[in-house]
Structures are given as structure tokens and as C-alpha cells.
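Notes to accompany the following structure.
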Amino acid sequence: MSGTARLGDRLVGIDLARLVAVAGMMAAHTLFQSEQQPPAAVVALIEGPPSTLFAVLGGVSVVLAARARLAAGDRGGAVRSTLARGLAVVVLGFLVIPLATAVYVVLVPFGVAIMAGAVLVLLPSWLLALLAVALSATVGSIAATTRVEWPALPGGHSVAELIAQPLATVNNVLVSGVYPAITWTAYLTIGMLVARVILAATAAGRARAALLAIGGAGAALVAAGLVSTELGLRAIAALEGQPLAVVRETFLANGYGAGGTDPVWQLLAAPHTGTPADIARTVGIALLVIAALSLLAASLPARGLRVLEPLRAAGGAPLTIYIVHVVLLTLLGGRLVEAAPGLVGGWGGWALQLAVALGIGALLASGRARGPFERVVGWAADLAGGRREPAPSA
1 MSGTARLGDR LVGIDLARLV AVAGMMAAHT LFQSEQQPPA AVVALIEGPP
51 STLFAVLGGV SVVLAARARL AAGDRGGAVR STLARGLAVV VLGFLVIPLA
101 TAVYVVLVPF GVAIMAGAVL VLLPSWLLAL LAVALSATVG SIAATTRVEW
151 PALPGGHSVA ELIAQPLATV NNVLVSGVYP AITWTAYLTI GMLVARVILA
201 ATAAGRARAA LLAIGGAGAA LVAAGLVSTE LGLRAIAALE GQPLAVVRET
251 FLANGYGAGG TDPVWQLLAA PHTGTPADIA RTVGIALLVI AALSLLAASL
301 PARGLRVLEP LRAAGGAPLT IYIVHVVLLT LLGGRLVEAA PGLVGGWGGW
351 ALQLAVALGI GALLASGRAR GPFERVVGWA ADLAGGRREP APSA
């Protein structure tokens with residue numbers, strides 16, 4: 001098959017990538033809740049890349065959801081529907097946060113980034129690419145500097161905090177929090193470019209070549225992030241006169257939203273710092289996943305795609321799967337952490353969460369249904385933008 005694989009109106013490879021993203025975030029939430037910490041290679045794959053993949057795919061979804069309206073010349077409808085999608089995700093995030101205290105919930109900043117995408121869908125691709133480069137080069141420094149002047153709220157962001165400290169909460173969501181919307185907008189912008197490349201190449205009958213190019217770009221970005229990190233670590237070790245191993249352990253720790261303010265930090269791909277190196281490494285992995293799964297799906301016959309339908313259906317409901325996961329993790333943590341810790345954290349906890357996700361996927365596949373929260377977001381978009389035929393993988 002030379003094009004992108006579809007089942008009905010879905011892009012199978014994109015949905016499978018969504019499942020990988022959520023499964024990776026599940027791993028990040030469960031594997032560290034065990035006395036036996038995961039191997040370093042596993043940590044490198046789950047601490048940062050899954051949430052980046054989730055955000056990049058959010059950008060893909062923005063383009064897929066808006067393209068029917070844009071193709072019909074309904075630019076206003078495309079903007080309104082995208083704004084409504086983002087706002088619906090923000091509202092869901094605020095509703096879920098009190099029920100999911102075991103993790104940092106990504107939905108509010110993610111929704112804000114989608115709302116920013118309402119303007120970005122109107123930009124030509126060359127300008128979108130320039131913006132993606134500019135954001136990737138600067139958001140790490142902006143987040144780090146802002147966090148010094150206006151520190152993140154210790155409890156994150158919630159409706160109660162929004163009422164009590166509105167400016168601090170807005171700052172937390174936009175710049176200073178664990179998942180800054182400014183950084184997620186950079187990821188979302190890259191995802192929008194990826195979607196445009198795939199759609200244009202598919203229309204021209206060159207989807208395979210485009211996916212190979214996307215994978216190649218991903219590999220190059222990963223290499224660039226790793227080389228930059230190694231150079232930065234060696235420079236720090238030389239300047240501070242410390243062993244490289246000590247510097248590596250200290251400076252590559254999870255930044256929870258931002259790194260340090262010293263310029264050398266921008267060379268380091270420390271997880272969740274939004275530095276250029278961090279963005280290069282995690283976006284590179286995201287592009288590799290998207291390309292690999294899209295190529296895999298395109299190589300399968302129709303029977304093979306039908307076998308994968310429960311997995312695809314789970315990936316087609318990432319919002320539902322994510323919300324169920326974070327709420328379930330909090331409930332299990334409160335009830336079973338002492339009696340059955342293996343069901344809360346570690347590989348057993350991850351396997352349980354993944355089994356629930358696949359069970360939901362099987363139910364949705366059997367009924368050929370969308371996820372309930374995806375329906376809510378779609379309803380909000382249609383209400384704001386006017387009802388149109390759904391675009392693939394919207």
C-alpha cells in the first residue's frame with residue numbers, strides 16, 4: 001500500500017501512535033511507584049517522550065479536525081471549532097484534577113495549546129515552520145526565567161486555585177507549571193506541520209516517501225539532542241571540576257517544566273525542561289513513532305487492520321483513556337497501595353492500566369463508537385463551528 005492506512009474515516013497509524021503515547025504516560029506514572037526502579041533505558045523512553053508524542057499528535061488532530069472547514073472556505077468555523085475543542089479540554093482538565101491527585105494532569109495546558117492552534121491553522125506552512133523553530137529555540141529559556149521570577153504553584157492548578165490566585169494560576173498553566181502551555185504549543189505546532197506533510201503527500205501518492213522522510217528527520221533530531229547533551233555535560237564537568245557521571249546524574253534529572261537559567265542548560269536534553277535539546281530528542285522520538293506505525297499500518301492487508309481494531313479504537317479515544325487512567329490510578333493508590341502495591345505501581349500496575357485501556361478499546365471497536373469524552377469535545381466543536389462531515393482521525 002502506498003498511501004496511509006485507513007479504517008473507515010480513521011488514520012490507523014496515527015491512532016496507534018496515540019495509544020503508544022498514552023501507554024507511555026501510564027508507564028511514567030506507574031513504574032516509578034515501585035521499590036525497584038526501571039532500567040535507565042526505560043527511564044529515557046518514558047520520562048518525557050510519551051507526553052511529547054501526545055502533544056505532537058494533538059497538533060496532528062487540530063489539522064485533521066479543521067481541514068474540512070478550511071477546504072470549504074469556512075475559516076471562521078475552523079477557528080471557532082478549534083477554540084471550542086481546546087476550551088472543552090481545559091474544562092475537562094479542571095473537572096478531572098480533583099479526582100486525579102496522584103499525577104500532574106496535562107489537560108489544562110494541553111487545551112490552552114489547542115486554543116492557540118485555532119490561530120495557527122490559518123497560517124501558511126512556511127510561517128508555521130518558522131514559528132515552530134522559534135518556539136523550540138526559546139520556550140526553555142522563557143519557562144526557566146519566568147519560573148525564577150514567578151515560581152510555580154506548589155499544588156499545580158485547580159479551580160480553587162484559579163479563584164484564590166487567578167494570576168498565579170494563569171502563570172502556572174502558561175509558563176511556570178510542570179507542563180507549560182508555551183512548551184506544549186511548540187510541540188503542537190510541530191504536529192500540525194507533520195499532519196500537513198502527510199496529507200499533502202497522501203494526496204500526491206507519495207505517503208510512503210513522506211513517512212520515511214519524517215522518520216529520518218526524527219532520527220536526526222534524536223541524534224542532535226544526544227550530541228548536544230553530551231557536549232553540554234562535558235563543558236559543565238570541565239567548568240565545575242566534577243566527574244562526568246556526577247554531572248550527568250545531577251543535570252539530567254526531571255526538570256518538571258523547566259531547567260536552569262544558565263545558558264548551558266539549553267544544550268541539555270533533561271526531561272521536561274523544554275530546552276532545544278529536550279525538544280529535539282523527544283520530538284525526534286515522536287516522529288519516529290508516527291512514521292514507524294504509519295508505515296506498519298500501510299503495509300498491512302485489510303484483515304490485519306481489522307485485527308488491530310481494538311488497539312486502534314483505544315488510540316482513537318486518547319482523552320477517554322487518559323482520564324480513566326489518571327482517575328483509576330488515584331483510586332487504586334488510595335485503596336490498594338498497602339494491600340496490593342503491585343496493582344498500583346511497577347510493571348504490574350502498568351499492565352493493569354494498559355489492560356483497562358485495551359478493554360475500553362475493545363468495547364468501542366465492537367460498537368464502532370467514539371470515546372465518550374471525544375464525543376463531548378466533538379459536540380463542543382460542532383456547536384461552535386457548525387456541523388460538518390468529520391475529517392479523518394478528527
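No gaps in the numbering here: position 162 of the sequence shown is 162 in the UniProt record's numbering, and each next residue is one more.
Note that beta-carbon positions come from the ideal geometry of N, C-alpha and C, so glycine has one too.
Which residues does DSSP pair with residue i in a beta bridge?
| i | result |
| --- | --- |
| residue 135 | For residue 135, which the question treats as bridged, DSSP gives no partner whatsoever. |
Quick check on residue i: does DSSP put it in helix, strand or coil?
| i | result |
| --- | --- |
| residue 122 | coil |
| residue 94 | helix |
| residue 382 | helix |
| residue 392 | At residue 392 the pLDDT is 46, less than 50, meaning the model places this residue with poor confidence; the figure from the coordinates comes in the next sentence. DSSP places residue 392 in coil when its eight states are reduced to three. |
| residue 278 | helix |
| residue 117 | helix |
| residue 345 | coil |
| residue 157 | coil |
| residue 273 | coil |
| residue 109 | helix |
| residue 267 | helix |
| residue 353 | helix |
| residue 299 | helix |
| residue 337 | coil |
| residue 99 | helix |
| residue 201 | helix |
| residue 149 | helix |
| residue 261 | coil |
| residue 439 | Nothing about residue 439 can be reported from this structure: the residues present for the chain run from 1 to 394 only. |
| residue 358 | helix |
| residue 76 | helix |
| residue 363 | helix |
| residue 34 | coil |
| residue 284 | helix |
| residue 255 | coil |
| residue 18 | helix |
Where do the ends of the alpha helix (DSSP H) carrying residue i lie?
| i | result |
| --- | --- |
| residue 370 | Counting along the chain, residue 370 falls outside any alpha helix (DSSP H), and DSSP gives it neither H nor E. |
| residue 225 | 207 to 240 |
| residue 57 | 49 to 71 |
| residue 247 | 244 to 251 |
| residue 42 | 40 to 46 |
Hey, is residue i's beta-carbon within less than 8 Å of any beta-carbon in chain D?
| i | result |
| --- | --- |
| residue 275 | Here chain D cannot be found, since the structure has a single protein chain. |
Notebook entry, point to check: So does the region 118 to 127 actually touch the region 353 to 365, counting three or more Cβ pairs closer than 8 Å?
Noted result: no
Checklist line | Inside the region 166 to 198 only - alpha helix (DSSP H) runs reaching at least 4 residues | finding: 166 to 171
Check: Does the region 139 to 150 touch the region 253 to 269, meaning 3 or more C-beta pairs lie closer than 8 Å?
Finding: yes
Note to self: To test your reading of the DSSP string, which unbroken alpha helix (DSSP H) runs of 4 or more residues are found completely within the region 302 to 335?
What the structure shows: 302 to 307 and 309 to 315
Note to self: Using a Cβ distance threshold of 8 Å, determine whether the region 147 to 160 contacts the region 207 to 223, with at least three qualifying pairs required.
What the structure shows: no
Notebook entry, point to check: Any chance the region 167 to 179 sits against the region 279 to 292, with 3 or more Cβ pairs inside 8 Å?
Noted result: no
Checklist line | At least three beta-carbon pairs within less than 8 Å, the region 292 to 311 to the region 241 to 257 | finding: no
Next item on the list: Check whether the region 181 to 196 touches the region 228 to 239, counting contact only when three or more Cβ pairs, one atom from each stretch, lie closer than 8 Å.
Entry: no
Checklist line | the region 202 to 212 / the region 290 to 307 touching (three or more Cβ pairs under 8 Å) | finding: yes
Check: If we count Cβ pairs, one from each stretch, closer than 8 Å, do we get three or more for the region 52 to 66 versus the region 105 to 122?
Finding: yes
Check: Hey, is the region 362 to 382 in contact with the region 79 to 95, meaning 3+ C-beta pairs nearer than 8 Å?
Finding: yes
Check: Is the number of C-beta pairs between the region 9 to 20 and the region 338 to 353 that are closer than 8 Å three or more?
Finding: no
Note to self: Between the region 41 to 59 and the region 267 to 277, can you find at least three pairs of beta-carbon atoms closer than 8 Å?
What the structure shows: yes
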